[in-house]
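Chains as they are written, first to last, in my numbering: chain D, 73 to 281; chain L, 73 to 281. Ideal Cβ placement from N, Cα and C applies to all residues, glycine included. Computed from a predicted model, the values in this text were never measured in an experiment.
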DNA sequence: TAGTTGAGTGAACGGGTGTTCACGGCGTGT
DNA sequence: ACACGCCGTGAACACCCGTTCACTCAACTA
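Set out below in structure tokens:
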């Protein structure tokens, strides 16, 4: 059975674990994580159901691991975007662009987060909302340095950050629901996101308390 | 003829149907509509599983009936609010107030819509998103008559309506997730919704194209 | 090299699932 | 007063589910 190279015990275990995570993510795209079964996941991963327990104590635990993995890619998206000088120059156009593109590439992860944020088990829901709260706070720090905002109360900044993240999530949901190979729809979503953000930013100047 | 007990055949049937709908709504509050079973619903409704089929061909069909029922209460909320002269006078404060109060009273229906909008079966999801699109269009008609908006393009008006409905849905989700008997949290959500709407409205004046 | 460890196996269990079917009983139209 | 129609019944079916157990056998360790 030695295909490529001899695998150490640890490598093999990690590989199976990853196969289980991939299988679960894949299956949950079709019907939602909450409705897939341990047996389906094991089967798709090419493993007997009992072997599942060598890696996770329950489907809930696997779900939490998936949350972590999904938010890791989300954070990477933000980090990469901040490094790009074009993004800072035309922040709104870039944000819409980056959002749609990244969601398209990591569709499975975003679909998982969007769905399970409200539809999942209690534990998974709480984990996702906690991560999103962290995300709002991170964005608030960035926003607080913008010209029109620098002397707002921190409550107000937090509010605006929530407004943005909320819309980001909603736009991500739209991209996820979007059928493949429809560049027209994609452009429409991008344009919609851009205009919504511009409208919100326009309100910045006149805001008081 | 008999005033108290005797029920006509039709009345009795409708009563069982309603019991099934109520049972499903109740159970879906605890764990989500997609994870409850036909047998659980029948049991809670006080009926044998096979009897279910006298009223619905499948759980999916029952789900669609629930979507209809839930949006009926949502529409009633808007209709009632428009009749109230106070609402037109202080439109934003009133909207936040009405939203939170109505969601609190009809928690089950809003929870159902919020969850199944993204987490439900394909058919249920599509039905809900269709209803929400109708709702956006209705709101767009109302918004188009506002002073700063009256000569916007219809695309722009639709965009703003989407922004509002999106936030309404998100705020409704928050109220639904809110534990009972926490007037402080409730006030916070209300205040957050109010400020978000004010910020968006501020952008109206300066909007072009 | 011999012994230990632990990832993966295959079978078995008890229980919940959707769906079907013949049947009983009661409101109903004749 | 009678026969019909239809809602609800209870049993049966064939599945799929999560979980357990003793097991194998290859990678590791001493």
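| Check | Outcome |
| --- | --- |
| At the level of alpha carbons, what is the spacing between residue 87/L and residue 172/L? | 30 Å |
| Check the Cβ of residue 278/L against every Cβ in chain D and list those closer than 7 Å, keeping chain order. | 274 |
| Return the first residue and the last residue of the alpha helix (DSSP H) that residue 100/D is part of. | 81-103 |
| Could you name the residues of chain D that residue 239/L contacts, counting a contact when the two beta carbons are closer than 7 Å? | 238 |
| Check whether the region 146-155 of chain D and the region 114-134 of chain D are in contact - that is, three or more C-beta pairs closer than 8 Å. | no |
| Just to check my reading of the structure: residue 135/D and residue 105/D have Cβ atoms closer than 8 Å, yes? What is that Cβ distance to the nearest angstrom? | 6 Å |
| Residues of chain L with a CB under 8 Å from the CB of residue 267/D: which are they? | 228, 231 |
| Excluding five sequence neighbours on each side, which residues of the same chain lie with their C-beta closer than 8 Å to the C-beta of residue 211/L? | 233, 236, 237 |
| Using a cut-off of 8 Å between C-beta atoms, extract the partners of residue 107/L located in chain D. | 106, 107 |
| I need the straight-line Cα distance from residue 69/L to residue 166/L, nearest angstrom please. | Limits of chain L in this structure are 73 at one end and 281 at the other, which puts residue 69/L out of reach. |
| Pull up the distance between the alpha-carbon of residue 222/L and that of residue 279/D, whole angstroms please. | 23 Å |
| Rounded to whole angstroms, what is the Cα-Cα separation between residue 93/L and residue 138/L? | 7 Å |
| Let me see if you follow: with CB-CB separation under 8 Å, is residue 186/L close to chain D or not? | yes |
| Exposed or buried, residue 117/L, counting other C-beta atoms within 10 Å across all chains shown (16 or more means buried)? | buried |
| Answer yes if the region 182-197 of chain D comes into contact with the region 238-251 of chain D, meaning at least three C-beta pairs across the two stretches below 8 Å, and no otherwise. | yes |
| Suppose the cutoff is 7 Å on Cβ atoms and the five residues either side in sequence are ignored; what does the same chain contact list for residue 266/L look like? | 164, 165, 168 |
| Note down, in chain order, each residue of its chain lying with its Cβ closer than 6 Å to the Cβ of residue 111/L, except the 5 sequence neighbours on either side. | 121 |
| Would you verify that the beta carbon of residue 95/L is, or is not, closer than 8 Å to some beta carbon of chain D? | no |
| Could you name the residues of chain D that residue 264/L contacts, counting a contact when the two beta carbons are closer than 8 Å? | 231, 234 |
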